[in-house]
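K.L.:
Here it is: the structure, laid out below.
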Amino acid sequence: MDLDQSTPAPSRAGRNLPAAIAVGVGLGAIIVGSLFWQKVLFVFVVLATVLVAVDEMIRALRTGGAVIPRIPLLAGTTAMLLAAYFGGPMALLVALALTVLATIFWRMPGGSIGFVRDVSAGAFLIGYVPMLAGFAILLVQPDADGPQRVVTFFLVVVASDVGGYAVGVLFGKHPMAPTISPKKSWEGFTGSTLACIGAGIGSVVWLLDGDWWAGAIVGAVAVVTATLGDLGESMIKRDLGIKDMSNLLPGHGGVMDRLDSLLATAPAVWLLLHLLV
Numbered sequence: 001m002d003l004d005q006s007t008p009a010p011s012r013a014g015r016n017l018p019a020a021i022a023v024g025v026g027l028g029a030i031i032v033g034s035l036f037w038q039k040v041l042f043v044f045v046v047l048a049t050v051l052v053a054v055d056e057m058i059r060a061l062r063t064g065g066a067v068i069p070r071i072p073l074l075a076g077t078t079a080m081l082l083a084a085y086f087g088g089p090m091a092l093l094v095a096l097a098l099t100v101l102a103t104i105f106w107r108m109p110g111g112s113i114g115f116v117r118d119v120s121a122g123a124f125l126i127g128y129v130p131m132l133a134g135f136a137i138l139l140v141q142p143d144a145d146g147p148q149r150v151v152t153f154f155l156v157v158v159a160s161d162v163g164g165y166a167v168g169v170l171f172g173k174h175p176m177a178p179t180i181s182p183k184k185s186w187e188g189f190t191g192s193t194l195a196c197i198g199a200g201i202g203s204v205v206w207l208l209d210g211d212w213w214a215g216a217i218v219g220a221v222a223v224v225t226a227t228l229g230d231l232g233e234s235m236i237k238r239d240l241g242i243k244d245m246s247n248l249l250p251g252h253g254g255v256m257d258r259l260d261s262l263l264a265t266a267p268a269v270w271l272l273l274h275l276l277v
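In UniProt numbering, the protein residues as written are 1 to 277.
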């Protein structure tokens, strides 16, 4: 989740902060409301969000020359997330395989020119967005504490994001990856680490009745995956020559600009909570 990306309204961090906060709070309210009202509503909130993100990625990859068919990607995304909720990890894996095959077969009538490029981009997109998002759905599955696991997941990613942003804006001097995301600093990463570990400990202890050290591990791993997810999406945008995936969310950019850290962190948090809590 890249808090360094911006829309107009300059600030030291280069973003429209009031709009970003308003959008973030609104999205958070929708997520929490769906989680604790009816879990299945959360699945459809995630599905709607991921479908928009997939469409953004299809458009973005098209700027790089890859033509990815929408119908099998959007249908496969729907199938993968519903399979994850109703069938678990194995169903998600089977739906992934079928979506890849459908994308390959759908592209065949278009001829051999650009075939490998297009299906490779399609397979990349399937693995990058709906597959990783499926782990957020798997988090909500347990009847006893599924919503609390999802809240833990969101809290550690948001803590990483906000901690890095605040410390980076105030104290950032040493760039972490100047050729990828020039505003990211090692000082900001330190802030992310402290905030993320703190959020992990608090969430696991208070929400999941787990051990503090398990929460510390969740937070420590999450800050790494969240940062790498952010940098990874920045690399994609730099390669494609675009600044944001879209301008759908004021102060944030596109939906994919909000999901980057979440997508990379979902499988790690799911696995750690499965093993440690």
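Virtual Cβ for every residue (Gly too), placed ideally from N, Cα, C.
From a predicted model like this one, the values you see are computed outputs, not experimental measurements.
Tell me the rounded alpha-carbon separation between Val195 and Val169.
P.N.:
Along the sequence shown, read from residue 1 onward, the residue named residue 195 stands at position 195. Along the sequence shown, read from residue 1 onward, the residue named residue 169 stands at position 169. Contrary to the premise, residue 195 reads as Ala rather than Val in this sequence. When rounded, the distance between both Cα atoms is 15 Å.
K.L.:
Hey, how far is the Cα of Ile180 from the Cα of Asp260?
P.N.:
Sequence index remark: in the sequence shown, residue 180 carries index 180 (1-based). Sequence index remark: in the sequence shown, residue 260 carries index 260 (1-based). Near 14 Å, if we compare the C-alpha coordinates of Asp260 and Ile180.
K.L.:
Quick check: what's the CA-CA separation for Val150 versus Glu187?
P.N.:
Within the sequence shown, numbered from 1, the residue matching residue 150 stands at position 150. Within the sequence shown, numbered from 1, the residue matching residue 187 stands at position 187. Rounded to whole angstroms, Val150 to Glu187 spans 28 Å at the Cα level.
K.L.:
For Arg70, count neighbouring C-beta atoms within 10 Å of its own C-beta (all shown protein chains included) and say buried if the count is 16 or more, exposed if not.
P.N.:
What you label residue 70 is simply residue 70 of the sequence shown in a count that begins at 1. Its Cβ having fewer than 16 others within 10 Å, Arg70 is exposed.
K.L.:
Identify the continuous alpha helix (DSSP H) that holds Lys237 and give its terminal residues.
P.N.:
Indexing the sequence shown from 1 puts residue 237 at position 237. Here the alpha helix (DSSP H) through Lys237 covers 212 to 240.
K.L.:
Which residues in the same chain as Gly200 place their Cβ atom closer than 7 Å to its Cβ, once the five residues preceding and following it in sequence are excluded?
P.N.:
Within the sequence shown, numbered from 1, the residue matching residue 200 stands at position 200. Cβ neighbours of Gly200 beyond the five flanking positions: Val156, Gly215, Ala216, Val218, Gly219, Ala222.
K.L.:
Relative to the C-alpha of Leu132, which residue among Leu271, Val167, Leu275 is closest?
P.N.:
For the purposes of this step, residue 132 is taken as residue 132 along the sequence shown, with counting starting at 1. If we check each option's Cα against that of Leu132, Leu271 comes out closest.
K.L.:
Checking 8 Å against the spacing of the C-beta atoms, do Ser160 and Ser120 come in under that value?
P.N.:
Sequence index remark: in the sequence shown, residue 160 carries index 160 (1-based). Sequence index remark: in the sequence shown, residue 120 carries index 120 (1-based). Contact: no.
K.L.:
Whole angstroms are fine: how far does the CA of Ser203 sit from the CA of Asp209?
P.N.:
Locating residue 209 in the sequence shown gives position 209, counting from the first residue. Locating residue 203 in the sequence shown gives position 203, counting from the first residue. So the two alpha carbons sit approximately 9 Å from each other.
K.L.:
When you compare the region 65 to 79 with the region 101 to 120, are there three or more beta-carbon pairs, one atom per stretch, that lie closer than 8 Å?
P.N.:
Enough Cβ pairs lie closer than 8 Å, so yes.
K.L.:
Going by other Cβ atoms of all chains shown within 10 Å of its Cβ, with 16 needed for buried, is Val237 buried or exposed?
P.N.:
Counting from 1 along the sequence shown, the entry for residue 237 is found at position 237. Residue 237 is actually Lys in this sequence, not Val. Buried, because 16 or more other Cβ atoms sit within 10 Å of the Cβ of Lys237.
K.L.:
Relative to the C-alpha of Thr103, which residue among Leu125, Leu92, Ser185, Ala91 is closest?
P.N.:
As a working mapping, residue 103 is identified with position 103 in the sequence shown. Of the listed residues, the one whose Cα sits closest to Thr103 is Leu125.
K.L.:
Under the three-state reduction of DSSP, which class applies to Pro175: helix, strand or coil?
P.N.:
Sequence index remark: in the sequence shown, residue 175 carries index 175 (1-based). In this structure, Pro175 counts as strand in the three-state DSSP scheme.
K.L.:
Alpha carbons only, please: which of Val158, Gly241, Ile137 is nearest the one belonging to Val46?
P.N.:
Here residue 46 corresponds to residue number 46 of the sequence shown, with the count starting at 1. When each option's Cα is compared against that of Val46, the closest is Ile137.
K.L.:
Which of the three DSSP states, helix, strand or coil, is assigned to residue 306?
P.N.:
Residue 306 falls outside the range modelled here, since the chain spans only 1 to 277, and no answer is possible.
K.L.:
Are Gly134 and Met90 touching if we call contact CB-CB under 8 Å?
P.N.:
Translated into the one-based positions of the sequence shown, residue 134 becomes position 134. Translated into the one-based positions of the sequence shown, residue 90 becomes position 90. The answer is no: Cβ separation not under 8 Å.
K.L.:
Hey, residue 347 and Met256 are a contact pair by Cβ (cut 8 Å); roughly how many whole angstroms apart?
P.N.:
This structure gives no information on residue 347, because the portion of the chain shown stretches from 1 to 277.
K.L.:
Is Gly253 helix, strand or coil when you go by DSSP?
P.N.:
As a working note, residue 253 is residue 253 in the sequence shown. The answer is strand: DSSP assigns Gly253 an E or B state.
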